[in-house]
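Visitor: Take any residue in the sequence shown, count from 1 to its spot, add 645: that is its number in this note's numbering. Questions regarding the structure given below will be posed in turn.
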Amino acid sequence: MFAGDKMRVRAIEKSDIDHVMKWVNNRTITQHLLAFTLPVSRLAEEKWVERAAIHGDADKFFAIETLQGEYLGNCGLHGIDGINRHCELGIVIGQEKFLGQGYGQDTIRVLLRVCFDVLNLNKVFLRVFSGNIRAIKCYENCGFKQVGRLKEHRFVDGAWNDEILMEVLRADYKQANS
646 MFAGDKMRVR AIEKSDIDHV MKWVNNRTIT QHLLAFTLPV SRLAEEKWVE RAAIHGDADK
706 FFAIETLQGE YLGNCGLHGI DGINRHCELG IVIGQEKFLG QGYGQDTIRV LLRVCFDVLN
766 LNKVFLRVFS GNIRAIKCYE NCGFKQVGRL KEHRFVDGAW NDEILMEVLR ADYKQANS
């Protein structure tokens, strides 16, 4: 378990399904995620959580909770590449009441610490849709820089959104956190 100032990440468990089902079909939460374009059944989510709980070396999935143990959402490190020393970061704060309160930023900082100080990676990248302004600001505050853009890559609620590629390098992370 890894903790930040406001939250901690822990292994995802079957008991998290009830929490996940509260947000997984909520468009306010999922409209900017790569998955969840269409409604998700409980059975599909149960199977996903089961697979995530026994993930392999290349993908690590976590639940996010407050320091008091209240479930917030999920996060993960995907495509962990030990040779090229990079991975993709993903995060969702699933409860609306916790949005905009710094939990996402705290979670990302914890994950970056894990990536650079525990896994010895050199780069962490992510993809975000241009309409997700809150997330872009959060990522930039955590040290991510925009490095690429796929124009009109995702159709969200009647409008095209670009997909932005962002990354943070180990050296930049270390310099900002020394």
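The beta carbon of each residue, even a glycine, is placed where N, CA and C say it ideally should be.
Reducing DSSP to helix, strand and coil, say where Cys760 ends up.
Guide: The residue labelled residue 760 in the question sits at position 115 within the sequence shown. Correct three-state label for Cys760: helix.
Visitor: Measuring only the C-alpha atoms, how far is Ile809 from Val755?
Guide: Position 164 of the sequence shown holds residue 809. Position 110 of the sequence shown holds residue 755. Each residue's Cα considered, the two are about 22 Å apart.
Visitor: Measure from the alpha carbon of Thr711 to the alpha carbon of each residue in Leu757, Trp668 and Phe647, then state which is nearest.
Guide: Here residue 711 corresponds to residue number 66 of the sequence shown, with the count starting at 1. The shortest C-alpha separation from Thr711 is found at Phe647.
Visitor: So, for His664: in the same chain, excluding its five sequence neighbours on each side, which residues have a beta-carbon less than 6 Å away from its beta-carbon?
Guide: The residue you call residue 664 lines up with position 19 of the sequence shown. So the list reads Tyr716, once near-sequence residues are dropped.
Visitor: Applying the 10 Å Cβ sphere with the 16-neighbour rule, what's the burial state of Glu741?
Guide: For the purposes of this step, residue 741 is taken as residue 96 along the sequence shown, with counting starting at 1. By the 10 Å Cβ count, Glu741 comes out exposed.
Visitor: Exposed or buried, what is Ala697 when buried is set at 16 or more other beta-carbons lying within 10 Å of its beta-carbon?
Guide: Here residue 697 refers to the residue found at position 52 of the sequence shown. Classification of Ala697: buried, given that the 10 Å Cβ count is 16 or more.
Visitor: On the CB-based measure, 16 or more other CB atoms within 10 Å of its CB, does Ala645 come out buried or exposed?
Guide: The shown model of the chain, from 646 to 823, leaves out residue 645, and the question about it has no answer.
Visitor: For Trp805, which residues does DSSP report across the bridge?
Guide: Numbered from its first residue, the sequence shown carries residue 805 at position 160. Note: Trp805 sits in a beta bridge opposite Phe800.
Visitor: Contact between the segment 783-796 and the segment 810-820 is defined here as three or more beta-carbon pairs at a separation below 8 Å; is this criterion met?
Guide: Enough Cβ pairs lie closer than 8 Å, so yes.
Visitor: Quick check on Lys705: does DSSP put it in helix, strand or coil?
Guide: Locating residue 705 in the sequence shown gives position 60, where the first residue counts as 1. It is a strand residue.
Visitor: Sorted by chain position, which residues of the same chain lie with C-beta nearer than 7 Å to His723's C-beta, five sequence neighbours on each side aside?
Guide: Looking up residue 723 in the sequence shown gives position 78. Only Asp704, Cys732, Glu733 and Gly735 meet the Cβ criterion.
Visitor: Between which two residues does the beta strand (DSSP E) harbouring Asn719 extend?
Guide: Taking the first residue of the sequence shown as 1, we reach residue 719 at position 74. Start and end: Tyr716 to Asp726.
Visitor: Check each candidate in Arg672, Ile699, Gln820 and Val685 and name the one with the smallest Cα separation from Phe761.
Guide: Within the sequence shown, residue 761 is the residue found at index 116, counting from 1. Among Arg672, Ile699, Gln820 and Val685, the Cα nearest to that of Phe761 belongs to Gln820.
Visitor: For Gln750, which of Lys782, Ala708, Asn729 and Trp693 has the nearest alpha-carbon?
Guide: One-based indexing of the sequence shown puts residue 750 at position 105. Of Lys782, Ala708, Asn729 and Trp693, the residue nearest in Cα terms is Lys782.
Visitor: To the nearest angstrom, report how far apart Phe774 and Arg794 are at their CA atoms.
Guide: Position 129 of the sequence shown, counted from the start, is the residue given in the question as residue 774. Position 149 of the sequence shown, counted from the start, is the residue given in the question as residue 794. The straight-line gap from Cα to Cα measures roughly 9 Å.
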